[in-house]
Each structure stands twice: as structure tokens, then as C-alpha cells.
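Only one structure is covered here, and it is reproduced in the block below.
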Amino acid sequence: MAASLGLLLVASILLVCTRLLLNWRRLSKAPGPTLAGCTDLWRAYQQCNGRLREKLLELHSQYGPIVRYGVRSISVSDPETISTLYGSRAFITADSYKVLAGIQNGKEVTSLLGTRDEARHNVMRRSVSSAFTPTASLDYEKWIDATVEDLFSIVSKKSTVFDLSSIILWYTMDAASRFSFGEPLGCLQAEGDTDGTIQLVRERVAYWGRWSSLPQLERLIHRNPVAMSQGRAPSNMAGRALAKLKARVAQSKTEYEHPDLLAKFLQASKDHPQLDTTGVIGMLMSMITAAGDTIATTVTAILYYLVVNPESLKKLEEELLQAELPEIPQFAQTSKLPYLNATIKEGMRLFPVMNWPLERSVPAGGATIAGMYFPKGTSVGCSPLAIHHNAEIFGGDVHTYRPERWLISDPERLRRMDATHMGFSRGRRDCIGRHIAVLQMKKVIPAIIMKFKLSLVDPEASLEADFSPGLVHMKSLYVVSESKH
Ligand code: HEM
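In the numbering used here, the protein residues as written are 181 to 665.
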């Protein structure tokens, strides 16, 4: 008995070792930690501990432009590959995006970001694209002005220490809710997550982080027929979006003085019948998820960099003073201010919101990327953090916050830096909301800088965040503010 148990154990160990070896051999020519090539558990471990982001940066400086970080996962930091991976229709989003699909009434509902079906993505994106153009974004300025006013009244009330990250997140969630559904969530007023939306959004993005390394296992556990029929959804995001849609349809309103995004999506579904109800729900899910933490992280990081770099702050203050702006500037007044523009680009370069490479799947027939051949199904992507630290493109001081790097007079260098900036991703699946995001940032950052003098409670404080979810979730950053007027 003992002998057969021993034999079974040896056989099992041999089987596991063979499996690990076969996994490793798949892409053995790509450099990286050996364990990462043997099992995706290495990647899952790094990801769940929020270390993958920095680890990839380290691995690229150790191994060069190609790094293997999973059985079939490759990170590339060669800027030349950006157009291949993100410009071509052949490279669809990788399996890691599968876990983003919500479940509603036993069926999967995919957001714009989570849709892997290129034809469906194309239909959804084309149907709503007119709601996201630079001109259309101006329609939402009124909603943003109202939210900046709410932000001012909360910050003005705070005579003591407060957490900048939370206040900015409440602001972005209220602003997103206003331009998406015409009313704020009420986070600023309540100074908290009024109806659990922030928690819901964060759970969904954290779920992406937890499972994106192991999408097959996630399917087995959470999307088996029993789990699906019991409606055990990974998050209730689809349900929340459906509720917003039902409430609006019940109002049977068709005329809007200031149309919000939901009104525009409903109009789009009339004009493009391919954008069905599931498509509208998918779009709403994207809005709720994509417009809060992304802008909040970026704005908090930029304010932090300005506070700890007084020379940059002074240059920005002088630029804003010369522009003679009102308390809440209009986008038309700030959109072309060069130092403000450089401040934002540099903040997004140094502190991008995505925590791991934007993964794409190699199509049938394989592909040669950065000089190496990869077979069909390999997940290849550029990590924004790693690519933004390319010294050849951005200069030797890549770790330093220096907006001036964007104000040089060498057009070819500037073109290369712009083409390598992946803050909003690139290509067909780049950030559809980027014009809204830029509009918002070019209003709220100058408004805060002009009205308040911020200082860190702990002058040595660094930017702390949870890097384990799909998107960065900022941790508390305590500041003191003094009104400048
Ligand atoms: C500073 C703020 C923002 C940043 C840094 C940002 C960044 C990004 C990035 C990197 C992606 C690509 C993700 C991927 O491929 O995995 C993306 C996609 C997306 N973003 Fe943003 N985003 C921001 C604000 C917004 C806003 C305000 C909205 C909505 C109003 C939005 C809506 C979306 C949507 C729907 C997608 C998916 C697009 C598609 O797959 O076609 N984002 N964003």
C-alpha cells in the first residue's frame, strides 16, 4: 500500500514537472524569470501583490526589450512595436480581458473595454463615437463646472488635514455621474461613497487584477453553467447599469437642454439599431468604471508632483496668472497653455493608470515582434510604465518629473515622445473618453492650483497606491490647504 502511494506520488511529481517544463519550452527563447515561464501562478502572485508593474520595469532593465512574465505572456518595451500591436485589426485583446464580462440574467454582458469580438467592438464604438469627439466633450463642461464648485466648497471647509486622494476621487465620481447620467452621485456632499458605487467599481477592477492571469480557471469557477444560472455575477456592475437605463427609459424624455452620455447612447441606439440594449448597458458599464479612478489617479499624481517640485509649480502658477483666468477656467482658455499641457503629459508618463501590459493576442500564423517570432495565441503587450521609461526616447532622466522635456524645439524628438506615450493607450482601442478626461484635467488642475496652496503633511510622503487591480487605486495622501484669496 505504502509502495503504491509512493509510486503515485512520484508519478504525480513527474507529471507536474513535465507540464512545467513543457510550459517553459513554449517560449523558451524569450528571456525572463524561469518560474514565470513554467507557471502563470508566478504572474498571478506578482499581480495579486501589486508588484507586477514595478517588476516588469526591473525585468526590462535586466533583460532588454522583450520579457516573458507568464507561460504565454510577453511584455515588450520597444516603441516600434506600438503600431503593430495596437494599430492592426489582427491583434485582438488577449484572454485576460475575458474576465471583465459582467453577468446579467445568466448571460454575459461585455463592456466596450471587455469586448473581444472585434466586429461587436467596432459597431459599439462607431455607434457612440460622436459623443466623445473634442467638440462633443464641450457639452459636458457645464457638468464639470458644477462639480468643481462642489469640490471648492468641500476643500474650503477643511481647515485641517485632509486626504487629497479621496476628495479628488469623490470629485471625479460625481463629475462622471453628472456627465453620464445628469446627476452627481453625491460623494462630495456626503464625503464618502454614498451608494457603494466606488466600492462596486473598485471590486470590478480588482476582480480583473485577481483573475486576469488565470482566465481559464476564472471561467471554470465563476462562469460554469451552475454559477451562471444562479446569477453569481463577478460584480453587480451590469445590474447597476441596467437600473440607470430603466429609470431613464421610464422618464420617456427625448428633449435635453444639456444631453448627458446616457441620452446620447439612447439616441445612438435609435440611429444604429446594432447598438442593442445589451450594447447600451455595456457602454454604461464602461463609463461607470472608466471615468473615476483613472482621472482621480492622474490628477492626484500631478498635484503631488507639483507640490514636491516647487519650481514646476511656480512656472505653472505664472502661466495661469498671465492667462488671467476666472476661478473656474473654461477649457477654451486653458486648452493651449503649454506648461499646463506639459505638466499633464509628464504626470501621465511617470504615473500611468494601467498596471500591466495592454495585452494583445498574436493572430493565426504567428508574428515577429521586436525581432522575435511568437506563435498564435501568445499574449504580447506594452506596459505603459516600462515604455515610458525608455531613456532613448524620453532622455536619461526618465525617473524625474520634468515637464520641460515636452517643451523642446526638436519636432522629431517630440513626435517620437508623443508616439510612445501610452497614457491613453493607442490605436483602435485607445481611450474613447480621452477628450473628456483632458477637458476635465485642464479645468480642475488650474482651478485647484489658483485657489489653494497645498502642502504635504509629511514632506517625505511618496505616492502610495494599490497596484494589484487592473487600474491604480490611490491610497491616502494627506495634505493641508490654505486658500490663496
Ligand atoms: C486620465 C484619465 C483616463 C486615462 C488615463 C484612461 C486610460 C485608458 C486606457 C489606458 C485605456 C485602454 C485600456 C486597455 O486597452 O486595456 C482606456 C480605455 C477606455 N477608456 Fe479611458 N482613461 C481615462 C479616462 C476615461 C474617461 C473619462 C472615460 C469615459 C468618459 C473613459 C472611457 C474609456 C473606455 C470606454 C475605454 C475602452 C475603449 C475601447 O476598448 O474601445 N476613459 N482608457
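Glycine residues also receive a C-beta, built at the ideal position from the N, C-alpha and C atoms.
Extent of the continuous alpha helix (DSSP H) run through residue i
i: Glu-498; result: 490-502
i: Lys-633; result: First-last for Lys-633: 632-636, but that is the beta strand (DSSP E), not the alpha helix (DSSP H).
i: Gln-284; result: Counting along the chain, Gln-284 falls outside any alpha helix (DSSP H), though it belongs to the beta strand (DSSP E) covering 282-284.
i: Tyr-225; result: 220-228
i: Arg-384; result: 377-391
i: Ile-588; result: Ile-588 -> no alpha helix (DSSP H), and no H or E assigned at all.
i: Tyr-436; result: Unbroken run through Tyr-436: none, as it is neither H nor E.
i: Ser-409; result: 405-409
i: Arg-206; result: 182-206
i: Ile-468; result: 457-470
i: Ala-316; result: 314-317
i: Val-308; result: 298-308
i: Glu-398; result: 395-402
i: Phe-511; result: 511-514
i: Val-335; result: 321-337
Residues that residue i bridges to, as DSSP identifies them
i: Ala-547; result: Phe-554
i: Leu-651; result: Met-534
i: Thr-134; result: Nothing about residue 134 can be reported from this structure: the residues present for the chain run from 181 to 665 only.
i: Val-560; result: Ile-254 and Arg-540
i: Glu-662; result: Lys-633
i: Phe-342; result: Val-659
i: Ala-645; result: Met-654
i: Val-279; result: Per DSSP, none; premise fails for Val-279.
i: Ile-246; result: Val-256
Chain-order list of residues whose beta-carbon lies under 6 Å from that of residue i (same chain, five-residue window excluded)
i: Ser-432; result: none
i: Ala-476; result: Ile-348, Leu-349 and Thr-352
i: Leu-619; result: Ser-317 and Phe-511
i: Ala-654; result: According to the sequence as given, residue 654 is Met; it is not Ala. Once the five neighbours on either side are set aside, the close Cβ partners of Met-654 are Ser-345, Thr-477, Thr-480 and Ala-645.
i: Phe-385; result: One point to set straight first is that residue 385 is Val, not Phe, in the sequence displayed. Cβ neighbours of Val-385 beyond the five flanking positions: Pro-649, Gly-650 and Leu-651.
i: Arg-428; result: Leu-442
i: Thr-374; result: Leu-365, Gly-366 and Cys-367
i: Thr-377; result: Leu-365
i: Ser-291; result: Gly-462, Met-465 and Ser-466
Cα-Cα separation, residue i to residue j
i: Gly-212; j: Cys-218; result: 11 Å
i: Leu-446; j: Ser-663; result: 42 Å
i: Met-630; j: Glu-497; result: 7 Å
i: Ala-544; j: Ala-299; result: 17 Å
i: Gly-186; j: Ala-216; result: 29 Å
i: Tyr-387; j: Glu-363; result: 27 Å
i: Asp-319; j: Gly-613; result: 13 Å
i: Ala-407; j: Leu-397; result: 13 Å
i: Asn-489; j: Thr-580; result: 10 Å
i: Ala-547; j: Gly-607; result: 18 Å
i: Asn-302; j: Ile-272; result: 12 Å
i: Met-621; j: Glu-321; result: 11 Å
i: Leu-565; j: Pro-439; result: 36 Å
i: Lys-623; j: Ser-409; result: 46 Å
i: Met-465; j: Ala-421; result: 6 Å
i: Glu-507; j: Leu-636; result: 23 Å
i: Ile-461; j: Leu-189; result: 50 Å
i: Ile-193; j: Tyr-225; result: 22 Å
i: Thr-340; j: Tyr-553; result: 58 Å
i: Thr-434; j: Lys-426; result: 14 Å
i: Arg-595; j: Pro-405; result: 50 Å
Top-ranked residue by Cα proximity to residue i, from the options
i: Lys-494; options: Arg-428, Ser-184 and Leu-634; result: Leu-634
i: Pro-555; options: Cys-562, Ser-541 and Ser-563; result: Ser-541
i: Gln-502; options: Tyr-519, Phe-271, Gly-362 and Pro-364; result: Tyr-519
i: Ser-263; options: Ala-566, Gly-561, Ile-628 and Pro-639; result: Gly-561
i: Tyr-484; options: Leu-651, Glu-640 and Ser-268; result: Glu-640
i: Asn-535; options: Gly-267, Ile-193 and Arg-390; result: Arg-390
i: Ile-648; options: Ser-656, Ser-392 and Thr-434; result: According to the sequence provided, residue 648 is Ser. The question's Ile does not apply to it. If we check each option's Cα against that of Ser-648, Ser-392 comes out closest.
i: Arg-248; options: Ala-210, Thr-469, Tyr-277 and Leu-500; result: Ala-210
i: Tyr-243; options: Lys-337, Thr-214 and Trp-222; result: Thr-214
i: Ser-208; options: Ser-253, Gln-227, Lys-235 and Leu-195; result: Ser-253
i: Leu-505; options: Gln-454, Met-597 and Ile-628; result: Ile-628
i: Leu-587; options: Thr-558, Leu-538, Asn-521 and Val-487; result: Asn-521
i: Arg-582; options: Thr-558, Leu-530, Glu-592 and Tyr-553; result: Leu-530
i: His-615; options: Leu-232, Gly-230 and Ser-310; result: Ser-310
i: Leu-394; options: Glu-435, Ser-559 and Thr-377; result: Ser-559
i: His-665; options: Lys-424, Phe-332 and Asp-598; result: Phe-332
i: Lys-532; options: Val-487, Cys-228, Arg-199 and Leu-237; result: One detail in the question is off: residue 532 reads as Pro in this sequence, not Lys. Considering only alpha carbons, the answer is Leu-237.
Contacting residues, own chain, Cβ-Cβ under 8 Å from residue i (five flanking each side not counted)
i: Asn-570; result: Ser-257, Pro-259, Val-578 and Thr-600
i: Ala-550; result: Pro-245, Ile-246, Val-256, Asp-258, Glu-260 and Thr-261
i: Gly-527; result: Thr-478, Ala-481, Ile-482, Tyr-485 and Tyr-581
i: Thr-469; result: Ser-291, Leu-293, Val-381, Arg-384, Val-385 and Met-417
Residue span of the beta strand (DSSP E) that contains residue i, given as start and end
i: Glu-288; result: 287-289
7 Å Cβ shell around residue i - same chain, five flanking residues per side excluded
i: Ala-356; result: Met-467, Ala-471 and Gly-472
i: Ala-327; result: For the record, residue 327 in the displayed sequence is Thr; it is not Ala. Closer than 7 Å at the Cβ level, and outside the excluded window around Thr-327, lie Tyr-351, Asp-354, Ala-355, Arg-358 and Pro-364.
i: Gly-575; result: Arg-585
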